[in-house]
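Engineer:
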């Protein structure tokens, strides 16, 4: 998340004019104008790095980009008799990234990206606890009643346990905890929204209704 707090350009120009006069017969007159400019631009972004899932603020600060340059413009004009002519050169870039404010913007964004990359180690990899039941068994393929909606990912490993006893609330009948016995492990090979397919690896027999708990 960020806010642009400074986006400005300071331009200063000095102009020098010079005129020349030709001979009286030809009536020639000429002039030159030289413009020397000094441009400086500053762009500052105030940022907050926020964990999208936990809303934890990881870091705050500012990224500052600057650019400075000198520019020169030359204007020429002449008049002789009934004929006049003029010309000029403008060295100002038209493309935004090539302008002084564009260079400052790019510098600021590059610094902001470097700051974000330096904070990578502070962003904990999401490793959510997942517990589900075995919904179906087809040979060595086991279907778990949990998928991407619950945070299951391909290659996740689960511990399979047989349910020995359910501990329930005597008033509501809600299951508060389970007494289980480990029988083996499985690895997820395919994940859908509400279901995962895994291969079983264990010495004990797995059955529908057994508990699968993700190994963190």
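Residue numbers (my numbering): 3 to 218. The beta carbon of each residue, even a glycine, is placed where N, CA and C say it ideally should be. Since we're looking at a predicted model, the values are computed, not measured.
Can you have a look at residue 90 and say buried or exposed, based on whether 16 or more other CB atoms are within 10 angstroms of its CB?
Structural biologist: Position 88 of the chain shown, counted from the first residue, corresponds to residue 90. Per-residue confidence for residue 90 stands at a pLDDT of 47, beneath the threshold of 50, marking its modelled position as unreliable; the derived number appears in the next sentence. The residue is exposed, with fewer than 16 neighbouring Cβ atoms inside 10 Å.
Engineer: For residue 149, count neighbouring Cβ atoms within 10 angstroms of its own Cβ and tell me buried if that reaches 16, exposed if not.
Structural biologist: As a first step, residue 149 must be located in the chain shown, where it is residue number 147. The residue is buried, with at least 16 neighbouring Cβ atoms inside 10 Å.
Engineer: Where residue 47 and residue 218 are concerned, what is the direct C-alpha to C-alpha distance, given to the nearest angstrom?
Structural biologist: Numbered from 1 along the chain shown, position 45 holds the residue referred to as residue 47. Numbered from 1 along the chain shown, position 216 holds the residue referred to as residue 218. Going from the Cα of residue 47 to the Cα of residue 218 covers about 38 Å.
Engineer: With DSSP run on the structure shown, which of helix, strand or coil describes residue 197?
Structural biologist: One-based indexing of the chain shown puts residue 197 at position 195. The answer is coil: DSSP assigns residue 197 none of H, G, I, E or B.
Engineer: Residue 162 and residue 204 - do their beta-carbons sit closer together than 9 Å?
Structural biologist: The residue given as residue 204 occupies position 202 in the chain shown. The residue given as residue 162 occupies position 160 in the chain shown. It is a contact, given that the beta carbons lie within the stated cut-off.
Engineer: Rounded to whole angstroms, what's the CA-CA distance from residue 157 to residue 201? Just pull it up for me.
Structural biologist: As a first step, residue 157 must be located in the chain shown, where it is residue number 155. As a first step, residue 201 must be located in the chain shown, where it is residue number 199. Approximately 10 Å, taken between the alpha carbons.
Engineer: Helix, strand or coil, according to DSSP, for residue 115 in the structure here?
Structural biologist: Numbered from 1 along the chain shown, position 113 holds the residue referred to as residue 115. In this structure, residue 115 counts as helix in the three-state DSSP scheme.
Engineer: Taking the beta strand (DSSP E) that residue 146 falls in, what are its first and last residues?
Structural biologist: As a position in the chain shown, residue 146 is number 144, starting the count at 1. Start and end: 143-146.
Engineer: Leaving aside the five residues before and after residue 181 along the sequence, list all residues of the same chain whose C-beta is less than 6 Å from its C-beta, in chain order.
Structural biologist: Against the chain shown, residue 181 aligns to sequence position 179. Cβ within range, chain order: 166, 167.
Engineer: Once DSSP output is grouped into helix, strand and coil, what is the label at residue 122?
Structural biologist: Counted from its first residue, the chain shown places residue 122 at position 120. Residue state, collapsed to three classes: helix.
Engineer: Just the Cα atoms here: how many angstroms apart are residue 88 and residue 97?
Structural biologist: Walking along the chain shown from the start, residue 88 turns up at place 86. Walking along the chain shown from the start, residue 97 turns up at place 95. Residue placement at residue 88 is poorly supported in this model, since its pLDDT is 49, which falls under 50; the coordinates are not used for a value here.
Engineer: By the 10 Å Cβ neighbour count, where 16 or more other Cβ atoms means buried, how is residue 174 classified, buried or exposed?
Structural biologist: Here residue 174 refers to the residue found at position 172 of the chain shown. Exposed: under 16 other Cβ atoms inside 10 Å.
Engineer: Please list the terminal residues of the continuous beta strand (DSSP E) segment that includes residue 167.
Structural biologist: Indexing the chain shown from 1 puts residue 167 at position 165. Counting along the chain, the beta strand (DSSP E) containing residue 167 begins and ends at 159-170.
Engineer: Report all residues from its chain with a CB closer than 8 Å to the CB of residue 121; omit the five preceding and five following residues, and keep chain order.
Structural biologist: For this step, residue 121 is matched to residue 119 along the chain shown. Within the same chain, residue 121 has close Cβ partners 51, 60, 61.
Engineer: Identify the continuous beta strand (DSSP E) that holds residue 137 and give its terminal residues.
Structural biologist: Walking along the chain shown from the start, residue 137 turns up at place 135. Start and end: 133-140.
Engineer: Within its chain, find whatever has a CB closer than 7 Å to the CB of residue 178; leave out the 5 residues flanking it on each side and keep chain order.
Structural biologist: Taking the first residue of the chain shown as position 1, residue 178 is located at position 176. Same-chain partners within the cutoff: 169, 170, 171.
Engineer: Alpha carbon to alpha carbon, how far is residue 10 from residue 114? Give it in angstroms, no decimals.
Structural biologist: What you label residue 114 is simply residue 112 of the chain shown in a count that begins at 1. What you label residue 10 is simply residue 8 of the chain shown in a count that begins at 1. Those two C-alpha atoms are separated by around 18 Å.
Engineer: Using the three-state DSSP reduction, which class does residue 67 fall into: helix, strand or coil?
Structural biologist: Within the chain shown, the letter at position 65 stands for residue 67. In the structure shown, residue 67 adopts extended strand secondary structure according to DSSP, grouped into three states.
Engineer: Per DSSP, which one or two residues make a beta bridge with residue 186?
Structural biologist: By one-based count along the chain shown, residue 186 stands at place 184. Looking at the DSSP output, residue 186 sits in a beta bridge with 162.
Engineer: Suppose contacts are defined by Cβ-Cβ distances below 9 Å. Is residue 45 in contact with residue 107 by that definition?
Structural biologist: Along the chain shown, read from residue 1 onward, the residue named residue 45 stands at position 43. Along the chain shown, read from residue 1 onward, the residue named residue 107 stands at position 105. With contacts defined as CB atoms closer than 9 Å, residue 45 and residue 107 qualify as a contacting pair.
Engineer: Mapping DSSP to helix, strand and coil, what is residue 10?
Structural biologist: Along the chain shown, one-based indexing puts residue 10 at 8. DSSP places residue 10 in strand when its eight states are reduced to three.
Engineer: Where does residue 4 sit, in a helix, a strand or coil, going by DSSP?
Structural biologist: Position 2 of the chain shown, counted from the first residue, corresponds to residue 4. The answer is strand: DSSP assigns residue 4 an E or B state.
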